[in-house]
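Here is the structure we will look at, set down as structure tokens.
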Amino acid sequence: MTQVGEGQEAEETSPAVATFGAPTVGELLAERYELVEHINNDSAGRLVWRGVDVVLRRPVAVILRYPGGDSATEMLQAAVAASRVIHPNLVGVYDAIDEDDRAYVVREWVDGQSLRELVAAGGPFDPARATAIGNAVASALAAVHATGMVHGNVHPGTVMVSDDGRVVLADARTDGADSQQNDLRAVGGVLYFALTGHWPHGEAPLHGATAGHGRAALPDAVRDAAGAIAAPRQVRAGVPAYLDDLTMDLLDQEIDPPASDVLAAELSRLDIPADEQFLEQAGPLRFTAEPGEEPSPLAAAGGRKVAIGIAGLLAVALVGLLIGINALGGEDGDKEPVAQPSNSAPASAGGGDEPAAQVRKLTIQDVRIIDPDGDRAEVRNAEKVIDGDDDEGWETNTYRTNAKFGGLKKGMGVWIDLGAPHTIKQLEATLSATGATVELRAGVRGDFPSSSAGDKQLVNAYSTLIGPPNENGGTKMIFDNFDADKKYQYLLFWITKLPVKDSGTTWKLGVQEITVQGS
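The sequence shown: position 138 = 138 (the UniProt record's numbering), numbered continuously.
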């Protein structure tokens, strides 16, 4: 069982140093952590032990190196920084101690295996499982990046999958050379490895990803004569086109990756059935959707999919490959893409003028919870705001003291991307209770933020109000003060005051559904 790093066995990488400070079975560290079993050594030569916290009576992992002192500074600093970020997809860090002759970090024990071990034992993952792995890693990075920190050590050896299916990211090992962009490109590497069993950074590994060391060696990606890596779909059959494109875009040094929270939101929206009925295992791969289903935003984007993080996204929804070809073939490239048969304006039968656009329900291509002053605990379930079900939605936490989020934040909101500029007639929102105050804002610029401060950038950039705020509104809110001469792609449903709950001493709001009408 590997707990951190690339996980070589102890006998393969016995440190060529004096044994002074070497740990022994049964030893009690800091009068609290009893060492039970030496598991392995990681790629940096640190010893990984299974231990027991004798005070709380819980299993722990102890990552130990000797000597300590200056040589352990980076390890301890990274551990202290990681301990401040609590997230279900991050391994919890409990303690970091320097005793000069040795130093050690005590963290959560994970009963499970690393992604490297799982793929080595069972082969590449199916697309659904690979997507779930990528989503968990991106979600963990979103929590880290929201604090302004960098993980700096994302690779198949630090992605752990517990026996109960929980995916956690371990062993932050940041230094001054790391960047959030490198973290995000490493997510592409993790997706590539999960889908193919090959590591795309074999020739130039990211920090901490020692791809050619001992038993931890990772098979390099298949490359052409120029050294360019083969796409996952070229390595194995059954990889959806949009997942293939997203993976390759994250690995492309010429394309800026989206913010980690944006990437996590997109991966969480990818609905890949476990039975993969939409995949043709033999012959060309096709992505299809049942009539009336909302296409995945990445499947709907067409072309290179990391454009989810770039303004001006041209959403080309593929309702079956042949339908997409017929709908787009021979038409003006500036025409609005076909999203769903029920939402599409009829194509022109000839070369004459287009028919007048009719007001209809617009397809919302992407939705995201904006929480610039929060701790990221309320940003999940954004997709329920556009799922067509008024009984389920996204909701805030319960706040005390006052209706303005307990005085803790200026507001929260739902950010909406229509995929392309549209003339909008109205936006209608169904809420869980009456009494909320909401502003509807439109963007004064369309560029998507590329840093961890994306929420704050959006709130600052999307400052144009669509009509007056709806104060103390009902459960149905309608905004219809749109300029008929303008087109809008991005909207921000910005909540500044919450309705009171039944008790009269707490405040909370649920946004059940949002629809947009336009042409």
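Virtual Cβ for every residue (Gly too), placed ideally from N, Cα, C.
- Under the DSSP assignment, residue 264 falls in the alpha helix (DSSP H) whose first and last residues are 260-269.
- Burial check for residue 254: the Cβ neighbour count within 10 Å stays below 16, so the residue is exposed.
- With distances taken between CA atoms, residue 99 lies nearest to 70 out of 70, 159, 377.
- In the three-state reduction of the DSSP assignment, residue 421 falls in the strand class, which pools E and B.
- Beta-bridge annotation (DSSP): residue 413 is paired with 370, 494.
- In the structure shown, residue 232 adopts helical secondary structure according to DSSP, grouped into three states.
- For residue 248, the enclosing alpha helix (DSSP H) has its first and last residue at 241-251.
- A residue is called buried when at least 16 other Cβ atoms come within 10 angstroms of its Cβ; residue 135 meets this threshold and is buried.
- Partner residues in the beta bridge of residue 430, as assigned by DSSP, are 476, 513.
- Sequence-distant Cβ neighbours of residue 464 in its own chain, meaning closer than 8 Å and more than five residues away, are 441, 442, 443, 444.
- As DSSP reads the structure, residue 381 sits in no beta bridge.
- Residue nearest to residue 48 within the set 55, 361, 63, 58 is 63 (criterion: CA-CA distance).
- Judged by DSSP secondary structure, residue 129 falls within the alpha helix (DSSP H) whose first and last residues are 127-146.
- Assignment of residue 160 by DSSP, reduced to helix, strand and coil, places it in the strand class.
- Beta bridge pairing from DSSP links residue 47 with 41, 64.
- Look at residue 489 here: in three-state DSSP terms it is strand.
- Just measuring C-alpha positions, the residue of 361, 245, 363, 404 sitting nearest residue 373 is 404.
- A residue is called buried when at least 16 other Cβ atoms come within 10 angstroms of its Cβ; residue 78 meets this threshold and is buried.
- Contact annotation: residue 487 and residue 421 have beta-carbon atoms nearer than 8 Å.
- DSSP places residue 95 in the uninterrupted beta strand (DSSP E) bounded by 93-98.
- For residue 375, the three-state secondary structure derived from DSSP is coil.
- Within the DSSP bridge table, the entry for residue 182 names no partner.
- Residue 85 places its beta carbon 8 Å or farther from that of residue 95.
- Note on geometry: alpha-carbon atoms of residue 80 and residue 188 lie some 27 Å from one another.
- By the criterion of a C-beta distance shorter than 8 Å, residue 190 is surrounded in its chain by 115, 133, 134, 137, 154, 155, 156, 159, once the five residues flanking it on both sides are discounted.
- Note on geometry: alpha-carbon atoms of residue 162 and residue 168 lie some 8 Å from one another.
- Residue pairing by DSSP places residue 113 opposite 161 in a beta bridge.
- Pairing residue 145 with residue 358, the inter-Cα distance amounts to about 43 Å.
- Fewer than three pairs of CB atoms, one per stretch, sit closer than 8 Å, so the segment 219-236 makes no contact with the segment 255-263.
- In this structure, residue 87 and residue 140 form a Cβ contact; the two beta carbons are roughly 6 Å apart against a cut-off of 8 Å.
- Partner residues in the beta bridge of residue 53, as assigned by DSSP, are 33, 58.
- Residues 398, 399, 400, 500 of the same chain have their beta carbon placed closer than 8 Å to that of residue 506, with the five preceding and five following residues left out of the count.
- If you look at residue 442, you'll find it in the beta strand (DSSP E) that goes 436-442.
- Restricting attention to 101, 414, 432, 252, the CA atom closest to the CA of residue 458 is found in 414.
- With a cutoff of 8 Å on beta-carbon distance, residue 65 and residue 50 are scored as not near each other.
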